[in-house]
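Structure record follows, encoded as structure tokens.
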Amino acid sequence: MEKFIVKGGAELEGKVTVSGSKNASLPILAATLLTSEQCVIRRVPDVSDTNYMLQILQNLGADVERASGTVTIRCANLHRHDAPYDLVRKMRASVCVMGPLLARLNRANVSLPGGCVIGDRPIDLHLKGLEGLGADVQVDGGDVRLEARYGLTGDTIDMQGKSGATVLGTDNVMMAAVLAKGTTVITGAACEPEVVDLADFLNAMGAKITGAGTPRIEIEGVSELGGVEHSVIPDRIEAGTFLVAGAMAARESITVRRINHDHLARITETLTACGCPIEKDGDNLIIGKAENPVGANIITRPYPGFPTDMQAQMCALFATTAGTSVVQDTIFPQRFMHLSEMKRMGANVEVDDGTAVIKGVDQLSGAPVMASDLRASAALVLAALTAKGETEISRVYHIDRGYEHIDDKLADLGADIRRLPA
Ligand code: EPZ
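Note that this note's numbering has the sequence shown beginning at 68, numbered continuously upward.
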């Protein structure tokens, strides 16, 4: 295992380029199962989650080549239809092979993903949606066995859950429906940009999908799909993470490059309201150090609401922002592991029933802390940038799941961050 050593106080300046989106890449890589022709996908970030997905595809029989950010995949000779526990337990998103495997092979066996530190991660909505298309679903011994002996048939499928829409659930049903007989209408669909990027990829393969990005998606089934070339959208959460780094630690300002401004609207609005000067510069954003930042009240919501994947990073900003900030995570109410670690650094926070109350202090103090999940780890790195002294962040494999070389990118901006063996 490895750790980061971050020495607080180094000021950031210069430019950082955002990688391709991890959360768009994962379902798009799974969608290559839907054709026997070659697919070329550009700007796939080199992170462990995408590497796990490629391993799962290879396990199923796919030919995979990777040259820096470009992945070439050909699923011509699939010889298995199962995603085994030892791979699924490492990455929950592997459940999104269920839909394409059902559509291509009429069956799929996928291990139940289990929970993780950010909360219970059920897939009941995925299974209900696939049953709605005619799949027979059996849950047995920690595995989900799905079969559609006579193929899938389009229908109207409601994907709304108690916490709102499901991103990967919407992806799974959409990927199952593209080769189903007849037309499928998904209501209560997730509207995230990553769902839209998947729909664009599927349509380029020959699918007939309309309404992606709205709660109502219509899919007219086709008989087959072809190979395609596609570039993945920029990672809006990585971009937001670097914007917070700039707001906290810029000497004057930093430039975050390759931004889709629509995808970051709620994040930039919130940072602006907190007193962080942000300026659009073409496809870039220039963010200045927040001279007199003010706290905010944040409630996470499905897109286009404030993203749950950015709440930990905002907590890092609020920990040293004068006044009181309140952060409520309605999607993953347990997603506050980062705060117990920030408390070790001197943060003044209280968490109760999915809501954190953060009273800003002048400065945190460096301390040994432990990463627990992807976004919590990023928040600890952000907190360390302005903390007094050195912070040692252990278990950085969590951050490597979804950030491409974050230590190199921060060091290039001037941060004093080193990766060492634990
Ligand atoms: C996606 O996860 C993202 N992951 C997550 O990002 C993100 O936090 C999440 O969407 C919410 O935006 C990927 O895209 C790979 P959900 P997903 O199904 O699709 C409940 C990161 O940090 N639910 O949208 O797995 C669930 O419990 C990761 O990059 C059900 O009840 O999340 C949650 O409360 C972490 N039943 C809510 O819906 C289901 O069948 C949203 O979950 C499915 C979900």
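Ideal Cβ placement from N, Cα and C applies to all residues, glycine included. This one's a predicted model, so the numbers in the text were calculated from it and none came from an experiment.
Residues sharing a beta bridge with residue i, DSSP
{"i": "residue 305", "result": "None, per the DSSP bridge assignment."}
{"i": "residue 81", "result": "321"}
{"i": "residue 106", "result": "140"}
{"i": "residue 176", "result": "149, 212"}
{"i": "residue 477", "result": "Its beta-bridge partners do not exist; DSSP assigns none."}
{"i": "residue 488", "result": "69"}
{"i": "residue 74", "result": "457, 483"}
{"i": "residue 313", "result": "DSSP lists no partner for residue 313."}
{"i": "residue 297", "result": "108"}
{"i": "residue 275", "result": "287"}
{"i": "residue 491", "result": "Limits of the chain in this structure are 68 at one end and 489 at the other, which puts residue 491 out of reach."}
{"i": "residue 87", "result": "301"}
{"i": "residue 437", "result": "461"}
{"i": "residue 115", "result": "Residue 115 is not bridged to any residue."}
{"i": "residue 391", "result": "426"}
{"i": "residue 444", "result": "BP columns for residue 444 are empty, so no partner."}
{"i": "residue 432", "result": "455"}
Buried or exposed by the 16-neighbour rule on C-beta atoms within 10 Å, applied to residue i
{"i": "residue 333", "result": "buried"}
{"i": "residue 488", "result": "exposed"}
{"i": "residue 143", "result": "exposed"}
{"i": "residue 229", "result": "exposed"}
{"i": "residue 217", "result": "exposed"}
{"i": "residue 290", "result": "exposed"}
{"i": "residue 238", "result": "buried"}
{"i": "residue 464", "result": "exposed"}
{"i": "residue 302", "result": "buried"}
{"i": "residue 147", "result": "exposed"}
{"i": "residue 476", "result": "buried"}
{"i": "residue 471", "result": "buried"}
{"i": "residue 295", "result": "buried"}
{"i": "residue 416", "result": "buried"}
{"i": "residue 409", "result": "buried"}
{"i": "residue 158", "result": "buried"}
Inter-residue CB distance, residue i and residue j (contact presumed, cutoff 8 Å)
{"i": "residue 81", "j": "residue 326", "result": "Wrong, their Cβ atoms sit about 16 Å apart, outside the cutoff."}
{"i": "residue 473", "j": "residue 438", "result": "Contact flag wrong, Cβ pair sits at about 12 Å."}
{"i": "residue 323", "j": "residue 85", "result": "6 Å"}
{"i": "residue 104", "j": "residue 293", "result": "5 Å"}
{"i": "residue 116", "j": "residue 160", "result": "7 Å"}
{"i": "residue 481", "j": "residue 458", "result": "17 Å between Cβ atoms; not a contact."}
{"i": "residue 184", "j": "residue 440", "result": "5 Å"}
{"i": "residue 376", "j": "residue 91", "result": "Not quite, the Cβ-Cβ distance comes to about 13 Å (not below 8 Å), so this is no contact."}
{"i": "residue 236", "j": "residue 193", "result": "4 Å"}
{"i": "residue 288", "j": "residue 250", "result": "7 Å"}
{"i": "residue 453", "j": "residue 388", "result": "About 11 Å separates the two Cβ atoms, so there is no contact after all."}
Closer than 7 Å: residue i CB and nearest the ligand ATP heavy atom
{"i": "residue 398", "result": "Judged by which ligands are present, the ligand ATP is missing from the structure shown, whose ligands are the ligand EPZ."}
Using 8 Å as the threshold, is the segment 308-326 in touch with the segment 122-129, meaning 3 or more CB pairs across them? The segment 122-129 and the segment 308-326 do not touch, with fewer than three beta-carbon pairs separated by less than 8 Å.
Length at least 3, wholly inside the segment 333-367: the beta strand (DSSP E) runs in chain order: Look at the segment 333-367 and you find these whole runs of beta strand (DSSP E), each 3 residues long or longer: 345-348, 351-355, 364-367.
Please determine if the segment 391-399 and the segment 421-430 are in contact, where contact requires at least 3 C-beta pairs separated by less than 8 Å. Flag = yes, the segment 391-399 and the segment 421-430 touch.
Complete runs of the beta strand (DSSP E) confined to the segment 131-161 [at least 3 residues]: 137-141, all fully within the segment 131-161.
How do the segment 159-171 and the segment 380-388 stand: do at least 3 beta-carbon pairs fall below 8 Å, yes or no? Judged by pairs of C-beta atoms under 8 Å, the segment 159-171 does not touch the segment 380-388, as fewer than three such pairs exist.
Cβ contact check for the segment 260-277 and the segment 234-252: 3 or more pairs under 8 Å: These segments touch.
Should the segment 191-210 be called in touch with the segment 130-140, which here means at least 3 C-beta pairs below 8 Å? Taking 8 Å as the limit for Cβ pairs, the verdict is that the segment 130-140 does not touch the segment 191-210.
3 or more residues per run - each beta strand (DSSP E) lying fully within the segment 182-266: As far as the segment 182-266 is concerned, its whole beta strand (DSSP E) runs of at least 3 residues are 203-207, 210-214, 223-225, 250-254.
4-residue-minimum alpha helix (DSSP H) runs that sit fully inside the segment 397-430, ordered along the chain: Complete alpha helix (DSSP H) runs here, min 4: 404-411.
On the three-pair Cβ rule with 8 Å, is the segment 219-237 touching the segment 251-258? Here the segment 219-237 lies against the segment 251-258, with 3 or more beta-carbon pairs under 8 Å apart.
Is it true that the segment 354-371 meets the segment 397-404, where meeting means three or more beta-carbon pairs spaced less than 8 Å apart? Flag = yes, the segment 354-371 and the segment 397-404 touch.
Per the contact definition of three or more C-beta pairs closer than 8 Å, is the segment 138-154 in contact with the segment 94-109? Yes, they touch.
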